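2 protein chains.
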Amino acid sequence: MKNVIVGQSGGPTAVINASLYGVVKEALAHGEEIGHVYGMVHGIEGFLNGQYLDLGKELTAEELERLKLTPAAYLGSCRFKLPEDLGAEFYPQVFARFEELEIGYFFYIGGNDSMDTVSKLSRYGAQVGSPIRFIGIPKTIDNDLIETDHTPGFGSAAKYVASTVREIVLDATVYCQKAVTIIELMGRHAGWLTAASVLARKYPGDNPVLIYLPEADFDLEQFARDLEAALEKQNCVIVCVSEGISDKDGTFICEYGSEAALDNFGHKMLTGCGKVLEQFVRSRFGVKVRSVELNVSQRCSGMVVSATDVEEAARAGVNGVKMALKGTTGVMVGFARVSGAGEAYRMECRAVDVDQVCNREKAVPREWITGDGNDIGQAFIDYALPLIQGEARREMEDGLPKYLYRK
Amino acid sequence: MKNVIVGQSGGPTAVINASLYGVVKEALAHGEEIGHVYGMVHGIEGFLNGQYLDLGKELTAEELERLKLTPAAYLGSCRFKLPEDLGAEFYPQVFARFEELEIGYFFYIGGNDSMDTVSKLSRYGAQVGSPIRFIGIPKTIDNDLIETDHTPGFGSAAKYVASTVREIVLDATVYCQKAVTIIELMGRHAGWLTAASVLARKYPGDNPVLIYLPEADFDLEQFARDLEAALEKQNCVIVCVSEGISDKDGTFICEYGSEAALDNFGHKMLTGCGKVLEQFVRSRFGVKVRSVELNVSQRCSGMVVSATDVEEAARAGVNGVKMALKGTTGVMVGFARVSGAGEAYRMECRAVDVDQVCNREKAVPREWITGDGNDIGQAFIDYALPLIQGEARREMEDGLPKYLYRK
Numbered sequence: 004m005k006n007v008i009v010g011q012s013g014g015p016t017a018v019i020n021a022s023l024y025g026v027v028k029e030a031l032a033h034g035e036e037i038g039h040v041y042g043m044v045h046g047i048e049g050f051l052n053g054q055y056l057d058l059g060k061e062l063t064a065e066e067l068e069r070l071k072l073t074p075a076a077y078l079g080s081c082r083f084k085l086p087e088d089l090g091a092e093f094y095p096q097v098f099a100r101f102e103e104l105e106i107g108y109f110f111y112i113g114g115n116d117s118m119d120t121v122s123k124l125s126r127y128g129a130q131v132g133s134p135i136r137f138i139g140i141p142k143t144i145d146n147d148l149i150e151t152d153h154t155p156g157f158g159s160a161a162k163y164v165a166s167t168v169r170e171i172v173l174d175a176t177v178y179c180q181k182a183v184t185i186i187e188l189m190g191r192h193a194g195w196l197t198a199a200s201v202l203a204r205k206y207p208g209d210n211p212v213l214i215y216l217p218e219a220d221f222d223l224e225q226f227a228r229d230l231e232a233a234l235e236k237q238n239c240v241i242v243c244v245s246e247g248i249s250d251k252d253g254t255f256i257c258e259y260g261s262e263a264a265l266d267n268f269g270h271k272m273l274t275g276c277g278k279v280l281e282q283f284v285r286s287r288f289g290v291k292v293r294s295v296e297l298n299v300s301q302r303c304s305g306m307v308v309s310a311t312d313v314e315e316a317a318r319a320g321v322n323g324v325k326m327a328l329k330g331t332t333g334v335m336v337g338f339a340r341v342s343g344a345g346e347a348y349r350m351e352c353r354a355v356d357v358d359q360v361c362n363r364e365k366a367v368p369r370e371w372i373t374g375d376g377n378d379i380g381q382a383f384i385d386y387a388l389p390l391i392q393g394e395a396r397r398e399m400e401d402g403l404p405k406y407l408y409r410k
Numbered sequence: 004m005k006n007v008i009v010g011q012s013g014g015p016t017a018v019i020n021a022s023l024y025g026v027v028k029e030a031l032a033h034g035e036e037i038g039h040v041y042g043m044v045h046g047i048e049g050f051l052n053g054q055y056l057d058l059g060k061e062l063t064a065e066e067l068e069r070l071k072l073t074p075a076a077y078l079g080s081c082r083f084k085l086p087e088d089l090g091a092e093f094y095p096q097v098f099a100r101f102e103e104l105e106i107g108y109f110f111y112i113g114g115n116d117s118m119d120t121v122s123k124l125s126r127y128g129a130q131v132g133s134p135i136r137f138i139g140i141p142k143t144i145d146n147d148l149i150e151t152d153h154t155p156g157f158g159s160a161a162k163y164v165a166s167t168v169r170e171i172v173l174d175a176t177v178y179c180q181k182a183v184t185i186i187e188l189m190g191r192h193a194g195w196l197t198a199a200s201v202l203a204r205k206y207p208g209d210n211p212v213l214i215y216l217p218e219a220d221f222d223l224e225q226f227a228r229d230l231e232a233a234l235e236k237q238n239c240v241i242v243c244v245s246e247g248i249s250d251k252d253g254t255f256i257c258e259y260g261s262e263a264a265l266d267n268f269g270h271k272m273l274t275g276c277g278k279v280l281e282q283f284v285r286s287r288f289g290v291k292v293r294s295v296e297l298n299v300s301q302r303c304s305g306m307v308v309s310a311t312d313v314e315e316a317a318r319a320g321v322n323g324v325k326m327a328l329k330g331t332t333g334v335m336v337g338f339a340r341v342s343g344a345g346e347a348y349r350m351e352c353r354a355v356d357v358d359q360v361c362n363r364e365k366a367v368p369r370e371w372i373t374g375d376g377n378d379i380g381q382a383f384i385d386y387a388l389p390l391i392q393g394e395a396r397r398e399m400e401d402g403l404p405k406y407l408y409r410k
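Just so you know, the sequences run in chain order A and B. Read in order, the letters of the first sequence correspond to residues 4 to 410 in this note's numbering. Read in order, the letters of the second sequence correspond to residues 4 to 410 in this note's numbering.
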């Protein structure tokens, strides 16, 4: 009888613990084939330093349920890139640890870099004839993994962005003067999360009226023309931008502001593109303008999660265990949308080759970006709407959400 | 039979519409004494320009219930200071409008400046022998009105701050390296909302470990010593600061960063104190550091509201109407905490002289600030905890909150 080890890696999401829940719950249900369910603390990096827990012993049934709705990464995380050279001494070291703990099944919940870890470990495992099965469980708010319809974490982040943008629109429209609000959203290379701001719209022409993604070149003069046209139609204009928008030469818009900006300590001020555009609008248009950065709450808000996303994240974990028990290795649990046009949304898990997934990024299709690069079309709305459905019933204590913490 | 007019003024909150709901609901229930229930659009400023609605006709019963849980200001708002001189032509103009609409009862929902409006109108009314009753309904996330235990809007903002800080703490502690996160919270003069970040703590010594309010002088060197001590005890340190913290000479900390910071368009960059402290920590400590500004979501988040706050905001509106019907004028609806020590929290509404309230601010008592100015004591926790209790059951549509909008 072999044991399971599971780890979390990369940035937190609202549902990465739901996937951990899925792995643990399913593994514990297979007591005839699986012994202990270990968790790496701080990912593969912590594991190499001997940091791990016995999750089957650590968590009561009640705590396991609480884990499912706790944001961020219960086991802690790391950003650790495995050596490219499979001959590096790292590999026999980590496999010796696997042997000590009698590991038969390895699960790693994360994004792009984590899938690279799964790919390398499974390739090294194949090379040395290891029987361990290596499975990747996807997670990223960026939604930029290929070979999967979407990634767990995106639905909740998209719901948070759409709800919050809708509220900021309400807030911004209480006065009757001309005013521009620029909302900067996460997404350095892929604009999926920024695109989700379109879901905040209640009718055609409603705010946010301008949306810019990294997938389309950003031009300051075109932006000025877009904004002028919008301000002619309405007093209050909300603009949503990805942090990673760049111009046709590949220069990030956030870099436009950094040259002259030194603080009193002589350091370069790090300014987001929202602030840069705020200053531009103030100087060019002379209207009231403010910028808002939604920041880390996009990825760690447990109060606004999509129940669909939570359940799918858990299913990804459950299916990973099932695949491993069937003997599959070197795969990531991918999501396939199996419903046809007009049918209710349905998703199925399938194994995809992890070597194909890692180190590649999925951009928002250029044809989903409309309005000469300043808007998002119906194709994205149809794609994203099913992913933000449903609310989670959260445990509360003293007026605040009750989450699970590692002791 | 006379009519009611009600308006909203100042910055939005999550529950200012719950007070509007309370006024409308109670006024409509007194059909024998009250005719129409009018709403000023964009406060007294819009009203003077002839902008108003007949709320009794405008809103269905279903919409009125939806209004109760819609954040921001349904009627729109304004920032408009009435002339100091009661002899100014403004006053007969606005009273002529009241007469046209046969107004008998005037309700104004807002903060400090709005209470100044109620005070001036009621003093002018007394001077000219007007029978109109003028009532102020308090609202501000800043909680800085005097003569009331707390203000509607604060409980929900405090709950939002405590929940969000707790999530940012979870997010920040996933890695095991030394790191500092600085969270900048609203509050230019009063630190009530920043103090609420202490509620995010789960046990003594938990993050946020350092909290600074405008009520205590901020000293950069003392901050460096506080932070050094905190970093010796733990890897991950969360610091919460009010936007309005200032040094012993009264210079705002956010001004420390502004001298050298000019953008590419030659304009002074407006930097918050969070950014200034981020740069300071980076330069002094060389650790990983980031700053997060919670921004407008503190006042307009409808997803994280306190049910206690919503109900109290509605009660303030209801009680305002009751007071007016009894003949009271020139008052604000104040909250008195009537429960004794150890008893369950209970609140009662009472009429307070609006002239006493306006243009004065209530600071956090200095003795509630502990730890040499870097912490918040139990007295505040006991005060604030009852105000953030309970969740509101919100109507959802297509995965997003369904709010009410003016047509």
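Note that the Cβ used here is the ideal one computed from N, Cα and C, for glycine as well. Quick caveat, the model's predicted, so the values are computed rather than measured.
The C-alpha of A/G393 lies about 38 angstroms from the C-alpha of B/R191. Bounds of the beta strand (DSSP E) holding A/L188 are A182 to L188. When the five nearest sequence neighbours on each side are left out, the beta carbons in the same chain lying within less than 6 angstroms of the beta carbon of B/P15 are those of A75, A76, R302 and C303, in order along the chain.
In the DSSP assignment, A/V355 is bridged to A/M335.
For the segment 156-186 of chain B, residues whose beta-carbon sits nearer than 7 angstroms to a beta-carbon of chain A comprise K162, A165, S166, T167, R169, E170, I171, L173, D174, V177, Y178 and C179. Beta-bridge pairing by DSSP links A/M399 to A/P404. Comparing alpha carbon positions, the residue from A/A310, A/R82, A/L62 and A/F93 closest to A/P389 is A/A310. For the pair B/V244 and B/I171, the CB atoms are not nearer than the 8 angstroms cut-off.
A Cβ-Cβ distance of about 5 angstroms is found for the pair A/K71 and A/A21, placing them in contact under the 8 angstroms criterion.
The alpha-carbon separation between B/W195 and B/K291 amounts to approximately 29 angstroms. A residue is called buried when at least 16 other Cβ atoms come within 10 angstroms of its Cβ; B/T176 meets this threshold and is buried. For B/P141, the beta-bridge partners assigned by DSSP are B/G113.
Counting only residues of its own chain and dropping the five nearest sequence neighbours on each side, A/Y348 has a CB closer than 6 angstroms to the CB of S342 and P389.
Bridge pairing for A/D57: A/Y41 [DSSP]. For a Cβ distance threshold of 8 angstroms, residue set D174 of chain B lies close to A/R302, ordered along the chain. The beta carbons of B/G107 and B/R136 sit closer together than 8 angstroms.
Annotated three-state conformation of B/R285 is helix, per DSSP.
The C-beta of B/E105 has fewer than 16 other C-beta atoms within 10 Å across all chains shown, which makes the residue exposed. With a cutoff of 8 angstroms on beta-carbon distance, B/V18 and B/S159 are scored as near each other. Just so you know, the alpha carbons of A/G13 and A/K142 end up roughly 9 angstroms apart. The segment 113-130 of chain B and the segment 311-323 of chain B do not touch, with fewer than three beta-carbon pairs separated by less than 8 angstroms.
Counting along the chain, the unbroken beta strand (DSSP E) around B/Q11 starts and ends at K5 to Q11. For A/C303, the enclosing alpha helix (DSSP H) has its first and last residue at S300 to C303. Residue-level contact check: A/S309 touches chain B, since one or more beta carbons of chain B fall below 8 angstroms from its beta carbon. In the same chain as B/V240, and ignoring 5 residues on each side of it, the C-beta atoms closer than 8 angstroms to its own belong to A182, V183, T184, N210, V212, L213, L230, A233 and L234, in chain order. Using a CB distance below 8 angstroms, the part of the segment 381-395 of chain A facing chain B consists of L388, I391, Q392, G393 and E394, ordered along the chain. Given a length threshold of 3 residues, each whole run of the beta strand (DSSP E) inside the segment 191-234 of chain B is given here in chain order: 213-215. A/V307 counts as buried, since at least 16 other C-beta atoms from the protein chains shown sit within 10 angstroms of its C-beta. Residues of chain B whose Cβ lies closer than 9 angstroms to the Cβ of A/V295 are, in chain order, E296, N298, V299 and S300. Residues of the segment 195-220 of chain A whose Cβ lies closer than 8 angstroms to any Cβ of chain B, in chain order: L202, A203 and K205. Close to B/H45, with beta-carbon spacing below 9 angstroms, are these residues of chain A in chain order: V177, Y178 and C179.
With fewer than 16 other beta carbons inside 10 angstroms of its own, B/L223 counts as exposed. Under the Cβ criterion of 8 angstroms, B/G247 is not counted among the residues facing chain A. Excluding its 5 nearest sequence neighbours in each direction, B/Q381 has no C-beta neighbour in its own chain below 6 angstroms. None of the residues of the segment 325-355 of chain B has a beta carbon lying less than 7 angstroms from any beta carbon of chain A. For B/S294, the uninterrupted beta strand (DSSP E) run begins and ends at K291 to E296, by DSSP.
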